[in-house]
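Residue numbers (full-length UniProt numbering): 1 to 468.
Backbone N, C-alpha and C fix where the C-beta goes; we use that ideal spot for every residue, glycine too.
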């Protein structure tokens with residue numbers, strides 16, 4: 001994405017898009033990281049062509065928790081393992097025997113997810129790659145390292161490792177020592193807006209860019225950048241960053257680390273400008289994406305717009321599933337898993353693609369509403385508006401169902417909130433714009449058309465009783 005930013009100006013142009021296809025080698029699911037880096041280089045070349053060969057900066061964000069291991073020469077030891085790989089099965093129970101979940105949460109504030117970096121590192125502890133590793137780079141930091149030759153660990157993404165203390169915004173040395181994690185593997189922390197180096201001469205030559213081109217640390221966890229890109233006013237808003245995952249919560253000034261918060265499975269991830277992203281991870285549109293893949297593999301490809309139209313005609317909440325069910329985490333035959341979950345809970349199994357889609361979207365809307373309701377209760381904050389950003393902003397049925405389930409107006413857009421947040425942090429670091437998050441969001445509101453959904457025929461208020 002190429003951004004143009006200045007006083008009263010905020011434009012975003014897609015110049016290149018490339019696939020991200022994980023690869024299974026034996027029993028291990030891995031990222032094809034070199035193909036992704038190739039896509040980054042091609043994207044920089046396309047951005048340079050569109051911008052006349054000169055870029056004011058480059059910022060990198062991606063998904064969280066996964067990492068690459070480098071040897072003493074700075075060479076990658078192997079393709080990073082995918083967080084949906086099953087090697088972490090049973091690791092959380094071993095961690096709990098050493099450090100009970102309530103103590104771990106009080107120290108790091110992170111929601112339990114079986115693929116958190118902490119559990120991945122412990123799963124890898126006896127492997128040859130970790131034994132040979134001299135440094136560890138999270139995925140966006142690895143890309144930045146290849147572009148610049150300078151290693152660092154960006155803070156918002158580091159906070160997803162379950163090794164950061166959200167109160168000090170630094171490593172939790174006590175947790176690392178207790179669990180035998182070597183923090184010296186991680187390069188020094190960087191904050192969003194910090195310089196992260198300049199493009200190497202070989203990168204400039206390959207992309208045709210004119211140097212120097214600074215690389216700027218942004219909220220490198222894509223959700224951190226997406227929250228910057230929420231076009232909200234004031235504090236009375238909840239955000240739902242929707243894509244493969246739905247991340248639903250609030251922007252707070254301080255973490256909430258109590259036992260009730262832990263039991264509610266909320267996380268305290270760090271955000272830009274000293275904020276805390278207090279949120280719950282929900283399975284998200286991954287459920288529908290996997291359904292679409294299954295139907296296509298069976299020779300029944302679906303036109304998404306037509307499918308959503310048919311799903312809108314299905315009886316509301318005919319069947320709903322728990323979007324946090326671990327059965328939905330791995331790739332595979334998602335329509336079958338959803339049908340089995342419905343039968344298990346005494347509900348009619350979806351019989352058609354439209355019924356399956358409606359089940360998925362009703363279930364996500366209820367999960368969104370429950371997260372917003374719980375976040376208000378645990379934080380004491382009152383929410384007046386829900387902002388949906390990311391890919392789900394393009395799904396009108398999901399937005400309408402979320403408005404109905406929450407009983408609150410939903411403002412949809414921008415779909416590319418992470419890219420907007422990324423370029424805004426870069427632009428501020430470069431001096432092209434000034435101000436805090438409120439000023440950055442005001443610029444976003446004037447530059448992007450938003451769509452508003454009012455609650456209608458759904459059942460607003462408490463949704464706890466809807467879960468089977």
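Checklist entry - Among 278, 423 and 247, which one has its Cα closest to the Cα of residue 285? => result For the purposes of this step, residue 285 is taken as residue 285 along the chain shown, with counting starting at 1. Looking at the Cα atoms, 247 is the closest of the given residues.
Next on the checklist: For residue 461, count the other beta carbons within 10 Å of its own beta carbon; 16 or more makes it buried, fewer makes it exposed. Which is it?
Outcome noted: Within the chain shown, numbered from 1, the residue matching residue 461 stands at position 461. Here residue 461 scores only 43 on pLDDT, less than 50, and its place in the model should not be relied on; the value that follows carries that caveat. So residue 461 counts as exposed.
Checklist entry - Enumerated in chain order, which unbroken segments of the beta strand (DSSP E) with a length of 3 residues or greater are wholly contained in the region 188-223? => result 195-198 and 214-216
Next on the checklist: By alpha-carbon positions, which one of 10, 136 and 345 ends up nearest to residue 552?
Outcome noted: What the structure shows of the chain is the stretch from 1 to 468, and residue 552 is not part of that stretch, so it cannot be assessed.
Checklist entry - So which of 331, 319 and 326 has the shortest CA-CA distance to residue 339? => result Against the chain shown, residue 339 aligns to sequence position 339. Comparing Cα positions, the closest option is 319.
Next on the checklist: In whole angstroms, give me the CA-to-CA distance for residue 212 and residue 199.
Outcome noted: Within the chain shown, numbered from 1, the residue matching residue 212 stands at position 212. Within the chain shown, numbered from 1, the residue matching residue 199 stands at position 199. Residue 212 and residue 199: Cα-Cα distance of roughly 7 Å.
Checklist entry - So, is residue 370 buried or exposed, given that buried needs 16 or more other C-beta atoms within 10 angstroms? => result As a first step, residue 370 must be located in the chain shown, where it is residue number 370. Buried.
Checklist entry - In terms of alpha-carbon separation, which member of 18, 358 and 4 lies closest to residue 321? => result Counting from 1 along the chain shown, the entry for residue 321 is found at position 321. When only C-alpha atoms are compared, the closest one is 358.
Checklist entry - For residue 13, which residues of its own chain have a beta-carbon under 6 Å away from its beta-carbon, when the five flanking residues on both sides are left out? => result Indexing the chain shown from 1 puts residue 13 at position 13. 2.
Item to check | Same chain, Cβ closer than 7 Å to residue 148, neighbours up to 5 away in sequence not counted | outcome: Your numbering for residue 148 matches position 148 in the chain shown. Excluding sequence neighbours, residue 148 sits near 196, 197, 198, 199, 200 and 215.
Checklist entry - By Cβ distance, which residues of its chain are closer than 8 Å to residue 447, with the 5 residues on each side in sequence left out? => result On the chain shown, position 447 is the one that residue 447 refers to. Excluding sequence neighbours, residue 447 sits near 9, 10 and 11.
Next on the checklist: Counting beta carbon pairs with one atom in the region 423-440 and one in the region 381-396, are three or more of them shorter than 8 Å?
Outcome noted: no
Checklist entry - Looking only at its own chain, which residues have a Cβ that is under 7 Å from the Cβ of residue 194, when we skip the five neighbours before and after it? => result Counting from one through the chain shown, the residue named residue 194 turns up at place 194. The residues are 217.
Checklist entry - Grouping DSSP H, G and I as helix and E and B as strand, with all else coil, what is residue 225? => result By one-based count along the chain shown, residue 225 stands at place 225. It is helical.
Item to check | Cut-off 6 Å between Cβ atoms - residues of its own chain near residue 139, not counting five sequence neighbours on either side | outcome: Counted from its first residue, the chain shown places residue 139 at position 139. Result list for residue 139: 62 and 66, in chain order.
Item to check | Straight-line Cα distance separating residue 307 from residue 354 | outcome: For the purposes of this step, residue 354 is identified with residue 354 of the chain shown, where counting begins at 1. For the purposes of this step, residue 307 is identified with residue 307 of the chain shown, where counting begins at 1. Approximately 6 Å between the Cα atoms of the pair.
Checklist entry - For residue 68 versus residue 142, is the C-beta distance shorter than 8 Å? => result The residue given as residue 68 occupies position 68 in the chain shown. The residue given as residue 142 occupies position 142 in the chain shown. Cβ distance < 8 Å, so residue 68 and residue 142 count as in contact.
Checklist entry - Should the region 168-179 be called in touch with the region 286-297, which here means at least 3 C-beta pairs below 8 Å? => result no
Checklist entry - Who are the near neighbours of residue 422 in its chain, counting only those whose CB is closer than 6 Å to its CB and skipping five residues on each side? => result Position 422 of the chain shown, counted from the start, is the residue given in the question as residue 422. Around residue 422: 59, 61, 218 and 225.
Checklist entry - When you compare only the Cα positions, how much space is there between residue 469 and residue 157? => result What the structure shows of the chain is the stretch from 1 to 468, and residue 469 is not part of that stretch, so it cannot be assessed.
Item to check | Nearest-angstrom Cβ-Cβ length linking residue 110 and residue 267, presumed shorter than 8 Å | outcome: Position 110 of the chain shown, counting from 1, holds the residue named residue 110. Position 267 of the chain shown, counting from 1, holds the residue named residue 267. With a Cβ gap of about 5 Å, residue 110 and residue 267 count as contacting.
Item to check | N-terminal and C-terminal residue of the beta strand (DSSP E) that residue 256 is part of | outcome: By 1-based counting over the chain shown, the position of residue 256 is 256. Segment: none, residue 256 is in no beta strand (DSSP E) and carries neither H nor E.
Item to check | Residue environment, residue 231, which counts as buried when at least 16 other CB atoms sit within 10 Å | outcome: As a position in the chain shown, residue 231 is number 231, starting the count at 1. Under this definition residue 231 is a buried residue.
Checklist entry - So residue 276 packs on residue 254, CB below 8 Å; how close in whole Å? => result As a working mapping, residue 276 is identified with position 276 in the chain shown. As a working mapping, residue 254 is identified with position 254 in the chain shown. Indeed they touch by this definition, with Cβ atoms about 6 Å apart.
Next on the checklist: Going by beta-carbon coordinates alone, are residue 155 and residue 169 separated by less than 8 Å?
Outcome noted: Locating residue 155 in the chain shown gives position 155, counting from the first residue. Locating residue 169 in the chain shown gives position 169, counting from the first residue. Their beta carbons are under 8 Å apart, which means residue 155 touches residue 169 by this criterion.
Item to check | Three-way DSSP call (helix, strand, coil) for residue 168 in this model | outcome: By 1-based counting over the chain shown, the position of residue 168 is 168. It is coil, neither helix nor strand.
Checklist entry - Should residue 465 go down as buried or exposed, given a rule of 16 or more other Cβ atoms within 10 Å for buried? => result Sequence index remark: in the chain shown, residue 465 carries index 465 (1-based). Per-residue confidence for residue 465 stands at a pLDDT of 40, beneath the threshold of 50, marking its modelled position as unreliable; the derived number appears in the next sentence. Counting Cβ neighbours within 10 Å, residue 465 comes out exposed, since fewer than 16 surround it.
Checklist entry - Which residues bound the beta strand (DSSP E) around residue 58? => result Position 58 of the chain shown, counted from the first residue, corresponds to residue 58. Element bounds for residue 58: n/a, residue is neither H nor E.
Checklist entry - Using the beta-carbon count (16 or more within 10 Å), is residue 299 buried or exposed? => result As a first step, residue 299 must be located in the chain shown, where it is residue number 299. It is exposed - the Cβ of residue 299 has fewer than 16 other Cβ atoms within 10 Å.
Next on the checklist: What residue range does the beta strand (DSSP E) around residue 23 cover?
Outcome noted: Here residue 23 corresponds to residue number 23 of the chain shown, with the count starting at 1. Looking at the DSSP string, the run of the beta strand (DSSP E) that includes residue 23 is 23-25.
Item to check | Continuous beta strand (DSSP E) stretch holding residue 281: start and end | outcome: Locating residue 281 in the chain shown gives position 281, where the first residue counts as 1. Start and end: 276-282.
Item to check | residue 396 versus residue 442 - alpha carbon distance | outcome: Locating residue 396 in the chain shown gives position 396, counting from the first residue. Locating residue 442 in the chain shown gives position 442, counting from the first residue. Taking the straight line from one Cα to the other gives about 24 Å.
Item to check | Nearest-angstrom Cα separation, counted from residue 271 out to residue 424 | outcome: The residue you call residue 424 lines up with position 424 of the chain shown. The residue you call residue 271 lines up with position 271 of the chain shown. Approximately 14 Å, taken between the alpha carbons.
Next on the checklist: Please classify residue 330 as buried or exposed, where buried requires at least 16 other C-beta atoms within 10 Å of its C-beta.
Outcome noted: On the chain shown, residue 330 is found 330 positions in, with the first residue counted as 1. Classification of residue 330: exposed, given that the 10 Å Cβ count is below 16.
Checklist entry - Candidates 393, 49, 32 and 210: which alpha carbon is nearest residue 15's? => result The residue you call residue 15 lines up with position 15 of the chain shown. The shortest Cα separation from residue 15 among 393, 49, 32 and 210 belongs to 49.
Checklist entry - Which whole-angstrom value describes the C-beta separation of residue 282 and residue 324, a residue pair presumed to lie in contact below a C-beta threshold of 8 Å? => result The sequence position of residue 282 within the chain shown is 282, counting from 1. The sequence position of residue 324 within the chain shown is 324, counting from 1. Their Cβ separation, rounded to whole angstroms, is 7 Å, which keeps residue 282 and residue 324 in contact under 8 Å.
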